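*Asks:*
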Amino acid sequence: MAKNDDVKVLGAWPSPFVMRARIALNLKSIDYEFLEETIGSKSQLLLQSNPVHKKVPVLIHGDKPICESLIIVQYIDEVWTSAPSILPSDPYDRAIQRFWAAYVDDKLFASMRQIKSLEGEEKKAMVEQATEGIVLLEEAFEKCSKGKPFFGGDRIGYLDIAFGSILGWLRATEKMGEVKLLDEAKTPRLVKWAGRFCADGAVKDCMPETDKLIELAKVLMAKMKGAPPKQ
Ligand SMILES: N[C@@H](CCC(=O)N[C@@H](CS)C(=O)NCC(=O)O)C(=O)O
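So the sequence shown is numbered by UniProt numbering: it starts at 1 and just counts up by one.
(1) Exposed or buried, which one is M221 when buried takes at least 16 other CB atoms within 10 Å?
(2) Give, in chain order, every unbroken run of the alpha helix (DSSP H) that is at least 4 residues long and sits entirely within the stretch 60-84.
(3) Can we count V56 as close to ligand 1, meaning its CB is less than 6 Å from some heavy atom?
(4) Please name the residue or residues paired with K54 in a DSSP beta bridge.
(5) With DSSP run on the structure shown, which of helix, strand or coil describes F150?
(6) So, at 8 Å on beta carbons, what are the nonlocal neighbours of V127 in its own chain, with the 5 sequence-adjacent residues on each side left out?
(7) Just mark F17 as buried or exposed, buried being the case when its beta carbon has 16 or more other beta carbons within 10 Å.
(8) Answer yes if the stretch 66-84 comes into contact with the stretch 26-46, meaning at least three C-beta pairs across the two stretches below 8 Å, and no otherwise.
(9) Since K8 is in the beta strand (DSSP E), which residue starts that stretch and which ends it?
(10) Around the Cβ of Y92, are there at least 16 other Cβ atoms within 10 angstroms (buried) or fewer (exposed)?
(11) Within 10 angstroms of the Cβ of L108, are there 16 or more other Cβ atoms? Answer buried if so, exposed if not.
(12) Spatial neighbours of P208 within its chain, please: CB distance less than 7 Å, with the 5 preceding and 5 following residues excluded, ordered by chain position.
(13) For L35, report the span of its beta strand (DSSP E) as first-last.
(14) Pairs of beta-carbons, one from the stretch 195-207 and one from the stretch 95-102, closer than 8 Å: are there three or more?
(15) Can you give me the Cβ contacts of I66 inside the same chain, cut-off strictly under 6 Å, excluding the 5 residues immediately before and after it?
(16) Please classify I30: does DSSP put it in a helix, a strand, or coil?
(17) Would A172 pass as a contact of L118 if the rule is Cβ separation under 7 Å?
(18) What first and last residue would you give for the alpha helix (DSSP H) that runs through G177?
(19) Name the two residues that bound the continuous alpha helix (DSSP H) containing E132.
(20) Straight-line CA distance for C198 to K55?
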């Protein structure tokens with residue numbers, strides 16, 4: 001591990017957003033302390049460090065908190081420059097990867113996370129929406145990777161982290177909803193890319209097991225059903 005000053009990640013094991021910070025630190029070989037938040041409550045340190053959104057991840061570098069997963073990945077890339085860069089060096093390539101990373105959060109993840117609580121026609125429509133979104137990413141993969149194994153080329157880069165971090169929940173959604181989102185017929189390149197991403201040394205120890213995510217999802221869904229309606 002590289003020598004560095006004090007680095008902490010406030011996080012939670014099931015969070016795809018937290019994974020992004022952890023993968024970026026792993027890629028840069030930066031040692032860090034992982035401070036696990038308890039699901040359903042927020043520590044004083046989290047409230048102090050991210051008073052605006054009160055969400056994980058927060059990267060604490062020395063005494064400076066940095067919030068929002070994609071901003072954290074960019075910060076890590078800019079601070080620890082001795083390891084290969086996470087974002088592409090070309091400004092246009094960087095812009096394209098940022099565009100698709102925002103798409104993953106705003107469109108794809110947003111529709112995917114609804115699937116497990118829907119049924120019938122609503123579920124079918126949402127699965128179609130998510131699948132179409134993934135097909136667009138298959139096309140983006142072809143352009144960004146230029147025939148190499150990752151969106152970032154020979155190694156994991158910014159868009160690999162942004163999209164790859166939701167693979168745990170994607171698999172949990174597929175299994176719970178008995179649906180196929182990453183499909184060999186429609187998105188063959190991404191199916192192979194997902195295998196490579198999850199097997200990478202920077203990823204495999206922080207990618208949650210599908211069955212553990214399903215267990216958690218069931219508990220959270222049961223809690224939501226029993227919860228009194230929001231005022
Ligand atoms: N846009 C944020 C999203 C972070 C986020 O939604 N974190 C969730 C965990 S997956 C959280 O802290 N939720 C607690 C809450 O909403 O109160 C990012 O990219 O960091």
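For glycine and all other residues, C-beta sits at the position ideal for the given N, C-alpha and C. These numbers were taken from a predicted model, which means no experiment stands behind them.
*Replies:* So, from the data block:
(1) exposed
(2) 69-79
(3) yes
(4) None; K54 has no bridge partner.
(5) strand
(6) I115, G177, V179, L181
(7) buried
(8) yes
(9) 7-11
(10) exposed
(11) buried
(12) W13, P14, G168
(13) 33-36
(14) no
(15) L59, I72, Y75
(16) strand
(17) no
(18) 167-177
(19) 120-145
(20) 25 Å
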